[in-house]
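Worksheet: the structure to be examined is printed underneath.
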Amino acid sequence: MRFLLFLYALSGLFSLGYQVIWLRHFVDRFGSSTLTFMLVISCFIGGLGAGALASRRVVAWLRRRLGGLADLSLYGVVEVLVALLALLVFTEALVPVTLLGHFPYSERDGIFEPTLAHHLIKLPLAAGTVFLPCFFMGVTFPLLTSVFRSQDRFPSRLYAWNTAGACASVLLSEWIFLRYAGHDLTLLALVAGNLVLGIYFVVRGKALQNKLGGMDALETSSAAPEGEPGKGAELPRGALLAGAVVSGFLAGGIEADAFRRIHFIQIFNGASMAFVSFWAILAIFLASWTISTWRSATFQKIKRVYLGGLLLFVATVSAWILPLRQWLADFIAGATEFSALDPEGTGTILLGVFVVVGLLVFPVYFCVSLLLPLLCNQAQARGMHLGRLYGLNTVAFLAGMFVFSWTAPQVNMFYAFKLIVFVFGILVAFLFCIDPARPLKRLHISLLGAALVAAAILTPTDFDHSFLPDNNPVKGQRIVAMQGSAGWTVFIAEQPLGNAIFLDTAKMSDTGTEVKRYMKVMAHFPLLSLKDPKRALLICFGVGNTAASIAAHRSLEEIDIVDLNRSIFELAPHFAFHNNEVYSDRRVRLIHDDGRSFLNLTDRRYDLITSEPPPPLMHGISRLYSFEYYESVLEHLTPAGCMSQWLPIYQMPPRAAELIVQTFVQAFPHSILITGTNKEFLLIGSRHEIDFASLVERYDDDPRVRGDLLDVDVCSGVDLASRLVMSHNQLLAAYGTGAIVTDQQNRLSAYWPTGDVEVFPFGGSTALASLPQELVAVQGGLAMSFSDPAVLLSRVPDFPLESLAAGRESHAQLDWRALQGINARSSRAFAAGQVESGLELTLESLQCFPTQLQVHYQRAQALAGVGRAEEALFCLGQAAEAFGHVPRVHFLTGAMLADMGRREKALEAFRRALELHPRYFEAQFQTGMLEGQLKRRDAAVRHLKRAQALKPTDAKVNEVLGKLGF
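For what it's worth, my numbering labels the leading residue of the sequence shown as 1, then goes sequentially.
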């Protein structure tokens with residue numbers, strides 16, 4: 001018997017392995033969305049349930065068609081069918097992605113959505129490639145239990161072994177197969193193993209059945225007739241079915257809740273979802289094994305275990321989840337002793353994630369999983385065919401998964417997290433209402449339904465700060481807006497540097513100057529290098545900073561913006577001041593879809609494709625950093641077109657950053673690396689060398705573009721070109737070979753954001769020499785930037801000092817690494833409220849190297865904050881000596897003078913800022929306000945109207961002009 005159980009464990013290994021592979025195939029085809037996930041899970045679980053419900057008829061049909069085969073041989077036939085049908089996933093490639101055209105979208109409220117037909121076409125593909133093989137998988141469990149139906153504890157043992165194989169499948173897939181073979185080769189290996197298993201049973205099934213004493217499913221037996229309780233039966237038939245539904249619904253709901261909570265607390269490791277499945281399946285295995293060996297197990301005892309599971313669940317989600325997340329971060333940060341055995345740290349990361357996910361999932365899931373194997377044993381004792389019981393449980397599991405991964409999150413995640421607790425409590429109470437001695441009454445079902453409806457209506461829907469850790473920057477801040485969706489809860493938080501947008505608890509974008517700088521640079525740098533660009537594609541919208549910069553280029557006739565989350569577009573008006581209402585631009589199409597999917601569909605070619613996805617290590621995001629993605633981008637670029645890619649190296653360990661750069665450099669014929677701001681690096685890729693001459697010359701062509709760059713202290717074309725960190729030849733030498741990120745082998749998913757970051761060495765004069773010889777005039781302008789750090793930092797104040805330190809040209813007059821250390825300590829001191837210490841450190845830093853605009857800003861702000869305005873003003877005056885070309889220096893000086901009551905001097909500073917940057921909204925507005933305070937009405941109105949022309953919908957300008965009668 002153990003040999004049979006072992007073989008069925010192999011069946012479980014193959015089955016869950018298929019699910020892992022199918023999900024990746026469908027993500028490649030349809031995009032990384034909750035809809036894709038639900039489609040695969042629905043077909044997988046739904047197929048199992050449907051197969052279980054139809055198992056008796058399927059077996060009878062097979063017996064009629066295949067003659068006198070024993071039932072274990074029929075089981076082998078079913079396994080062979082599963083294996084062969086699993087190969088159907090490769091037939092997806094035969095159905096063209098563009099079957100419904102290159103733009104299968106329809107407009108709804110200004111946003112283009114995939115049409116219903118486009119969504120519906122996924123169903124037959126999923127049904128044929130996932131549901132069909134899963135249908136036959138679902139036949140196997142009832143078939144085998146019916147063969148040995150005289151053994152009333154056989155179902156729980158069989159279920160245990162099958163889930164043990166599924167557990168092994170998760171570990172083997174994540175730790176070995178997917179990492180080293182990729183999902184296509186893994187699928188072929190699974191199919192080969194499955195075929196061997198099936199053929200063995202076809203050939204040896206009858207002999208094995210005779211040896212084990214099994215009986216054919218259609219033969220009569222000594223087991224109790226269906227409906228008559230035999231030995232071990234306790235519950236009436238209705239209660240058995242109701243218990244199976246409760247067990248399945250809770251299991252599905254809790255697993256879906258675990259997926260969402262683990263993402264919510266920012267465990268972004270790609271293996272985390274697989275580990276949720278592993279621990280859930282392990283819990284099912286051990287629960288089934290427990291029931292098979294627990295002779296005195298009864299429904300009454302299991303009810304008390306369910307009550308304990310409820311209390312454990314409440315404790316886990318309310319008290320333990322955040323400390324466990326903090327422990328994980330500390331464990332990974334401090335696990336240096338693993339470095340010899342695990343040089344990249346991926347094993348250590350997987351171990352930490354594995355343990356934490358297990359502590360969050362396993363205990364509760366074990367309690368919930370005890371009921372089904374008990375019910376199966378009792379149904380077996382009654383002589384019931386297990387197909388209906390197992391099928392209802394499977395369908396209920398799917399329903400629970402659907403409610404808590406799709407329906408409830410549409411309100412928001414806080415609502416979904418609270419609702420599952422209430423539902424858990426209601427279902428436990430319902431189980432306590434079941435009396436084994438009496439049939440289940442309709443009244444009980446009605447009360448259950450009413451309680452569930454009441455919970456759905458009464459559960460709070462507000463933003464709940466208690467779900468956030470104490471060190472979360474959103475804790476206690478005002479929430480401006482919030483929208484739920486199946487994928488994410490999107491909200492806007494009011495923060496000191498400006499409103500920021502979040503997906504769950506992960507910050508996606510904000511309106512601070514530093515963030516806006518790299519977003520504007522990633523648009524303007526490639527566009528200014530092109531002659532007369534006509535069409536651009538932006539993948540991921542954020543708050544609209546990059547989109548607004550793209551739209552500033554008047555030559556562009558069409559701008560497509562794609563985002564996976566519709567709520568991002570719908571909340572864009574909250575950032576109208578910063579994105580210039582780009583969503584209303586007649587040239588713009590807002591497209592709600594996965595960026596990869598859109599590229600697969602469209603036949604457009606773009607002069608610029610820019611990609612600014614969420615952090616690279618977030619689950620599912622690595623597809624926007626893979627070699628196949630860059631190949632698709634290259635296919636959709638015009639011959640002269642460029643791509644810009646965000647590379648936030650501080651959000652990933654060095655090896656992950658290295659993989660991304662290697663992938664990019666090996667995908668594009670020509671590539672360079674620039675700094676967007678500090679460690680927010682940008683990769684620029686194209687078929688040709690970047691035209692630096694055009695970039696410098698075209699800077700002043702369009703006042704809108706020039707003004708947009710001046711807003712973030714990029715004050716000339718030479719300043720913009722000076723952001724070059726590594727040339728193409730330098731990138732090719734350092735990153736032209738080596739491992740890359742692919743769709744088949746997602747290497748990024750194994751990493752964790754750590755404190756150590758990749759340092760890209762400054763190319764210096766070597767980078768300058770690699771520029772084309774025809775750019776001599778531009779080289780003359782750039783020569784000082786690439787040879788003199790003082791000039792470089794006067795032109796690019798946010799240039800990363802670590803890159804200077806790592807460059808081959810040491811610039812020996814200064815220890816750049818030590819200087820960066822001083823600046824880091826000063827920032828930490830100010831953040832901790834240690835102002836005097838921070839001021840001492842900023843003074844030390846400026847004495848070492850005065851040309852540091854950010855340090856001047858930081859010091860002046862701190863001095864003003866403690867009432868030392870004159871010293872702050874002196875600090876800004878020092879900054880103006882080196883950075884007099886930067887409008888913001890003069891604006892901040894004017895603002896400080898205005899606060900001190902020195903209005904005329906403040907006006908002088910504001911006017912100087914406006915001489916440099918006429919489209920400086922804040923300077924125009926403040927100048928108008930000061931002129932008004934000085935009773936110079938005409939001058940005030942003139943400046944306020946200029947401000948209004950720059951930001952027509954700004955409330956404060958319109959309010960002041962309204963009071964003045966305009």
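Every residue gets a Cβ at the ideal spot worked out from N, C-alpha and C, and that includes glycine.
Subject >> Segment limits, beta strand (DSSP E) that includes T129 >> reply: Counting along the chain, T129 falls outside any beta strand (DSSP E), and DSSP gives it neither H nor E.
Subject >> Backbone CA spacing between L35 and L599 [nearest angstrom] >> reply: 18 Å
Subject >> Whole-Å CB distance - M726 paired with F760, under 8 Å assumed >> reply: 6 Å
Original post:
Just to confirm, does I267 get its C-beta within under 7 Å of one of the non-hydrogen atoms of the ligand ADP?
Top reply: This structure simply doesn't include the ligand ADP, nor any ligand for that matter.
Original post:
Do three or more CB pairs link the stretch 873-889 to the stretch 713-721 at distances below 8 Å?
Top reply: yes
Original post:
What are the uninterrupted segments assigned as beta strand (DSSP E) that are 3 or more residues long and contained completely in the stretch 445-481, given in chain order?
Top reply: none
Original post:
Between the stretch 143-154 and the stretch 74-83, do at least 3 Cβ pairs fall closer than 8 Å?
Top reply: yes
Original post:
If you run the structure through DSSP and keep just helix, strand and coil, what is R586?
Top reply: coil
Subject >> Limits of the unbroken beta strand (DSSP E) element including K507 >> reply: Counting along the chain, the beta strand (DSSP E) containing K507 begins and ends at A506 to D510.
Original post:
Between which two residues does the alpha helix (DSSP H) harbouring E557 extend?
Top reply: That residue, E557, is in no alpha helix (DSSP H); it is neither H nor E in DSSP.
**OP:** Report the three-state DSSP secondary structure of C642 (helix, strand or coil).
**Re:** Strand.
Original post:
Given E226, which residues of its chain have a CB within under 6 Å of its CB, disregarding the five upstream and five downstream residues?
Top reply: Any reading at E226 must be qualified, since the residue scores a pLDDT of 46, below 50, and its modelled position is unreliable; the value itself is stated next. Hits under 6 Å: G383 and M384.
Original post:
In angstroms, rounded to a whole number, what distance separates the CA positions of R153 and L371?
Top reply: Going from the Cα of R153 to the Cα of L371 covers about 14 Å.
Original post:
Is the stretch 940-957 touching the stretch 912-927 in the sense that three or more CB pairs, one from each, lie closer than 8 Å?
Top reply: yes
Original post:
For A399, which residues from the same chain have a beta carbon less than 7 Å from its beta carbon, with the 5 sequence-adjacent residues on both sides left out?
Top reply: F249 and G252
**OP:** Could you check the C-alpha separation between K122 and V368 for me, to the nearest Å?
**Re:** Cα-Cα distance, rounded: 33 Å.
Original post:
When the distance is taken between beta carbons, is G49 closer than 8 Å to V353?
Top reply: no
Subject >> Of the residues E658, Q847 and L814, the one placed nearest A733, counting alpha carbons only >> reply: E658
Subject >> Sequence ranges, alpha helix (DSSP H) only - wholly within the stretch 597-660, length at least 4 >> reply: 627-635
Original post:
Do the stretch 266-283 and the stretch 353-365 make contact, defined as three or more Cβ pairs closer than 8 Å?
Top reply: yes
Original post:
Expressed to the nearest angstrom, what Euclidean distance is found between the alpha-carbon atoms of T967 and V403?
Top reply: A question about residue 967 goes unanswered here, because the residues of the chain that appear run from 1 up to 966.
**OP:** State the DSSP-derived secondary structure class of F799, mapped to helix, strand or coil.
**Re:** coil
Original post:
Quick one: what's got a C-beta closer than 7 Å to G476's C-beta in the same chain, skipping five residues either side?
Top reply: Taken in chain order, the residues that qualify are H465.
Original post:
Ordered along the chain, which non-local residues of its own chain (more than five positions away) have a Cβ less than 6 Å from that of F432?
Top reply: K303
Subject >> Environment of L120 [buried if 16+ CB atoms lie within 10 Å] >> reply: exposed
Original post:
Is the stretch 289-307 touching the stretch 173-187 in the sense that three or more CB pairs, one from each, lie closer than 8 Å?
Top reply: no
Subject >> CA-to-CA distance, L13 to G165, given in whole angstroms >> reply: 4 Å
Original post:
Would you say the stretch 697-711 touches the stretch 547-557, given that touching needs at least three Cβ pairs under 8 Å?
Top reply: A contact exists between the stretch 697-711 and the stretch 547-557.
Original post:
In whole angstroms, what is the alpha-carbon distance linking S221 and V147?
Top reply: Low confidence applies here, because S221 scores a pLDDT of 39, under 50, leaving its location unreliable and the question unanswered by this model.
Original post:
Are V202 and M137 close, meaning C-beta to C-beta below 8 Å?
Top reply: no
Original post:
Tell me, which residues are paired with Y699 by DSSP?
Top reply: Paired residues: none, contrary to the question.
Original post:
W327 and M522: beta carbons closer than 8 Å?
Top reply: No.
Original post:
Which word fits Q856, buried or exposed, when buried means at least 16 other C-beta atoms lie within 10 angstroms of its C-beta?
Top reply: Reading off the sequence shown, one finds His at residue 856, where the question assumed Gln. By the neighbour-count rule (16 or more Cβ atoms within 10 Å), H856 is buried.
**OP:** Could you pull out every residue in the same chain whose Cβ sits closer than 6 Å to the Cβ of A28, ignoring the five residues on either side in sequence?
**Re:** Residue 28 is actually Asp in this sequence, not Ala. Hits under 6 Å: D743.
Original post:
Can the beta-carbon of A783 be found closer than 8 Å to that of L768?
Top reply: Yes, these two residues count as a Cβ contact at 8 Å.
Original post:
Between H25 and L601, is the Cβ-Cβ spacing less than 8 Å?
Top reply: no
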